[in-house]
Amino acid sequence: MQSNKRPSASLIFIFGGSGDLNYRKLIPALYNLYIDEWMPEQFAIVGIGRKPFSDESYRERLLDGIKQFSRRKDEQNGKWAEFSKSVTYLQMDAEKDESYDGITNIAKQKEQEWGTHPNIIFYLAVAPQLVPDIAPKLGKIELCGDKKCTRIVVEKPFGHDLKSAHDLNTLLMSMFSEDQIYRIDHYLGKETVQNILALRFANALFEPIWNRNYIDHVQITAAETVGVEGRGGYYESAGALRDMVQNHILQIMCMVAMEAPVSFDANEIRNKKVDVLNAIRRIAPEDVHAIAVRGQYADGWMKGEKVPGYRQEESVSPTSNTETFAAVKFYIDNWRWQDVPFYVRTGKRLREKNTVISMHFRPAPNYAFPPEAADSWRPNRLTITVSPEMDIRIRFQAKRPGQTMILDPVDMIFNYDKAYENHEPEAYETLLLDVMEGNATLFMRADQVEAAWKVITPILETWETRAPVDFPNYVPNSWGPEDAEALIARDGNTWATMTAGAK
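Using my numbering, you'd call the opening residue of the sequence shown number 2 and step up by one each time.
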């Protein structure tokens, strides 16, 4: 195995240590980093929660999560016994100030034991409404005054709207510096999303044509086949626009549209992303109906199984107007992208589960070819599949074998699994390693979060004041409401799907 440059000693406190995120994602990710020899030589993980666990029973529960959810669930490599020695549990009430003395005591103990002052990471894997209660109590701890070594990680959603996001930023930055705050979006840790920058800026083939002169339009789809999966209470206050577009999709859009950075410094990358968000054309309330579509799934059939409509889901109002589907057409008003539409869509109970970016190029002139050659003519297309498959496809024209000049669109495919023997790391592995290393490149800055909220606020406010008259308006196992097809068809375009792209 390669010799990795490991982070310095790290002490990780996970608030919500007995919760689902830690069980399914965080501990499996940290364990995989340990197996791959990326964890620090000296580290400790402390799960914090209200539930009563001994260290031993806590470790047994976490091992069960690894067996179910780790990418290595069938190949533990016999290292759990070693790894678990560094995992303990602290039962505490996070609402009581005096409870935080336990954190200070553990930190002092580890510093004495290791003979060095470690990175101290507070991961808030808790419900969003608990963050404003926990953060101020952490801010009072002497440990948090060390801006170089102490970091706080906050999960999305980051705010419910622009005002709440601004208030949360103000609260956090009254106690921590921006360099200490890591606002995490797991989509940005996916290998294929990171590869967008490599594809664009490490290849002379793409960057010269990555602009309005050659690209006709861009599509970003984040589709799910599942419903709300018992999260109806959360989803009722969120909806597809907040849950997916404001963070995941707009962040992917920034990666696609940003200008070339002068370095891979964290703030340089994030400056370029903020520039994109600030350049997105602001939407007037009277134009929302023309550029944004919302939908809600009805009951129906999904892969041979009868499924309830959104309004029949647990903890959902029978008259709910919350959208489970959203499609929006954005424009980026700058030199590179002027008048190039960016179509984005996301939804639940859709036909396929995937996250796909499609760059559709302007058609090449075909006047030099005989009429029969153009029957199946398709413009060039670059497709980046973020999940569940991870691949990059380039569609181009090729002559069909035979005595006549007939052209067919064909795909050239780069697939991660086939190209590399090693399994690609999970997104949380990448992001947790970055936190330990103090690398904030893939994390959102305060101005970035607020700029994203400003983009969608006109849509949110319009939808909240104008109740939909046709909910539910799409059936499961479809691609959403008919209006979403009309949104893109008005410009002479159609939504690309991987089924079509694979042909």
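Glycine is no exception: its CB is placed at the ideal position from the N, C-alpha and C atoms.
**Continuous alpha helix (DSSP H) stretch holding G296: start and end** = It is not in any alpha helix (DSSP H) - G296 instead sits in the beta strand (DSSP E) that spans A293 to G296.
**Request:** Could you please give me the residues that DSSP links to Y475 through a beta bridge?
**Result:** For Y475, which the question treats as bridged, DSSP gives the partners Y298.
**Asked** Considering only residues of the same chain and omitting the five flanking positions on each side of A280, which have a CB-CB separation below 6 Å?
**Response** The beta carbon of A280 is closer than 6 Å to those of I333, D334 and N335 in its chain, skipping five residues each way along the sequence.
**Request:** Look at the alpha carbon of P158 and the alpha carbon of Q252, and state the distance between them as a whole number of angstroms.
**Result:** Taking the straight line joining both Cα atoms gives about 13 Å.
**Request:** Would you check if the distance between the CB atom of R382 and the CB atom of S359 is smaller than 8 Å?
**Result:** Taking 8 Å as the Cβ cut-off, R382 and S359 qualify as a contacting pair.
**Asked** Near I489, which residues of its chain fall below 7 Å by C-beta distance, leaving aside the five closest residues on each side in sequence?
**Response** Closer than 7 Å at Cβ, skipping near neighbours: Y344, T495 and W496.
**Euclidean distance between Cα positions of V308 and P389** = Pairing V308 with P389, the inter-Cα distance amounts to about 23 Å.
**Asked** Which parts of the segment 357 to 428 are runs of the beta strand (DSSP E), unbroken and 3 residues or longer, counting only runs that do not cross its ends?
**Response** Segments of the beta strand (DSSP E) lying fully in the segment 357 to 428: 382 to 388, 392 to 400 and 408 to 416.
**Asked** Out of curiosity, what's the CA-to-CA distance linking A205 and S85?
**Response** For A205 and S85, the distance between alpha carbons rounds to 47 Å.
**Request:** Using a threshold of 8 Å, state whether the C-beta atoms of P380 and D217 are closer than that.
**Result:** Going by C-beta atoms, P380 is nearer than 8 Å to D217.
**Asked** Thinking C-alpha only, which one of E99, A30 and M176 is nearest L63?
**Response** For the options E99, A30 and M176, the alpha carbon positioned closest to that of L63 is the one of A30.
**Item:** Residues bridged to L351 [DSSP beta-bridge criterion]
**Value:** Answer by DSSP bridge pairing, in chain order: S479.
**Prompt:** Do you know offhand how far I15's Cα is from I49's?
**Reply:** Each residue's Cα considered, the two are about 6 Å apart.
**Asked** By DSSP, does F444 sit in helix, in strand, or in coil?
**Response** Here F444 sits in coil by DSSP.
**Asked** Which residues in the same chain have their Cβ closer than 7 Å to the Cβ of G103, if we skip the five residues on either side of it in sequence?
**Response** The beta carbon of G103 sits closer than 7 Å to the beta carbons of L91 and M93 from its chain, once the five residues preceding and following it are set aside; these are given in chain order.
**Asked** Using DSSP with H/G/I as helix, E/B as strand and the rest coil, what is F54?
**Response** Of the three classes helix, strand and coil, the one that applies to F54 here is coil, per DSSP.
**Item:** Proximal residues to Q181 (C-beta, below 7 Å), its chain only, five neighbours per side dropped
**Value:** Result list for Q181: K148, T151, R152 and I153, in chain order.
**Asked** Hey, how far is the Cα of E143 from the Cα of V436?
**Response** Their backbone Cα atoms lie some 20 Å apart in a straight line.
**Asked** So, F123 versus S87, is the Cβ gap smaller than 8 Å?
**Response** Taking 8 Å as the Cβ cut-off, F123 and S87 do not qualify as a contacting pair.
**Request:** Following the continuous beta strand (DSSP E) through E192, name the residue where it begins and the one where it ends.
**Result:** Careful: E192 lies outside any beta strand (DSSP E), inside the alpha helix (DSSP H) at E192 to F202.
**Message:** Given a cut-off of 8 Å on the beta-carbon distance, is the pair V127 and G17 in contact?
**Reply:** Against a cut-off of 8 Å, the Cβ pair of G17 and V127 comes out as a contact.
**Request:** Kindly indicate which three-state DSSP category R243 falls into: helix, strand or coil?
**Result:** In this structure, R243 counts as helix in the three-state DSSP scheme.
**Message:** Please tell me whether A136 and M176 are closer than 8 Å, where the distance is taken between their beta carbons.
**Reply:** Yes, these two residues count as a Cβ contact at 8 Å.
**Request:** Alpha carbon to alpha carbon, how far is I46 from I13? Give it in angstroms, no decimals.
**Result:** Going by the C-alpha atoms only, they are around 5 Å apart.
**Message:** Given a cut-off of 8 Å on the beta-carbon distance, is the pair I270 and I250 in contact?
**Reply:** No, they are not a contact pair.
**Message:** So, does the segment 225 to 245 touch the segment 349 to 358, judging by three or more C-beta pairs under 8 Å?
**Reply:** Cβ pair count under 8 Å is three or more, so yes.
**For M259 and K274, the rounded distance between their alpha carbons** = Note on geometry: alpha-carbon atoms of K274 and M259 lie some 6 Å from one another.
**Asked** So who's on the other strand from H218, going by DSSP bridges?
**Response** H218 is bridged to H361.
**Prompt:** Taking Cβ to Cβ, would you say V246 is nearer than 8 Å to A327?
**Reply:** A contact, by the Cβ cut-off of 8 Å.
**Asked** How is K304 classed by DSSP in three states: helix, strand or coil?
**Response** In this structure, K304 counts as coil in the three-state DSSP scheme.
**Request:** Have a look at D340 and N355 and give me their C-alpha separation to the nearest angstrom.
**Result:** D340 and N355: Cα-Cα distance of roughly 27 Å.
**Item:** Chain-order list of residues whose beta-carbon lies under 6 Å from that of S11 (same chain, five-residue window excluded)
**Value:** Result list for S11: P41, F44, P119, N120 and M437, in chain order.
**Item:** Per-residue burial, K504 [other beta carbons within 10 Å of its own, 16 or more giving buried]
**Value:** Note that K504 has pLDDT 35, beneath the 50 cutoff, so the model's placement of it is unreliable and the number below is only indicative. So K504 counts as exposed.
**Prompt:** According to DSSP, what are the bridge partners of F14?
**Reply:** Paired residue(s): V47 and F123.
**Rounded separation between H408 and P372 - CA only** = The sequence shown places Leu at residue 408, rather than the His named in the question. Distance between the alpha carbons of L408 and P372: 11 Å.
**Local Cβ density within 10 Å of P286, reported as buried at 16 or more and exposed below that** = With fewer than 16 Cβ atoms within 10 Å of its Cβ, P286 is classed as exposed.
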